[in-house]
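In the working numbering, the protein residues as written are 536 to 638.
Every residue gets a Cβ at the ideal spot worked out from N, C-alpha and C, and that includes glycine.
Everything numeric in this text was worked out from a predicted model, so none of it was measured.
All remarks here apply to the structure that follows.
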């Protein structure tokens with residue numbers, strides 16, 4: 536995704552997809568082991584999506600009046616997009632700013 540690393544969405548896109556599935560399965564197992572005392576072999580492997588990109592089943596978009604400026608935009612004298620409007624995702628840790636999402 537062109538927004539990886541800036542937005543607050545996907546956390547593991549820098550990992551190969553098979554490793555993402557392992558991480559997700561282990562997170563489920565750790566929760567179930569902590570809460571229910573289940574063993575590691577109780578949790579089956581995560582089912583892969585046929586698509587490794589653009590497969591999210593839920594997105595929560597936000598409107599904002601303070602658009603997050605990308606590093607390359609900070610150097611421009613004229614911005615192509617307005618600063619005071621954005622539709623996209625909040626930047627991780629900055630809930631007063633919104634990254635304008637294009638895809």
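Under a Cβ-count criterion, where at least 16 other Cβ atoms within 10 Å of its own Cβ denotes burial, should residue i be classed as buried or exposed?
i: residue 625; result: buried
i: residue 566; result: exposed
i: residue 558; result: exposed
i: residue 628; result: exposed
i: residue 599; result: buried
i: residue 601; result: exposed
With respect to the beta strand (DSSP E) encompassing residue i, which residues constitute its N-terminal and C-terminal limits?
i: residue 626; result: 621 to 626
i: residue 590; result: Taken as a continuous stretch (DSSP letters only), residue 590 belongs to no beta strand (DSSP E), as it is neither H nor E.
i: residue 599; result: 597 to 599
Is residue i helix, strand or coil when you go by DSSP?
i: residue 633; result: strand
i: residue 618; result: coil
Start and end of the alpha helix (DSSP H) containing residue i?
i: residue 558; result: 552 to 571
i: residue 606; result: 606 to 609
For residue i versus residue j, is the C-beta spacing smaller than 9 Å?
i: residue 609; j: residue 538; result: no
i: residue 622; j: residue 597; result: yes
i: residue 545; j: residue 638; result: no
i: residue 556; j: residue 580; result: yes
Item to check | Inter-stretch contact (C-beta, 8 Å, three-pair minimum) for the region 537 to 555 and the region 566 to 577 | outcome: no
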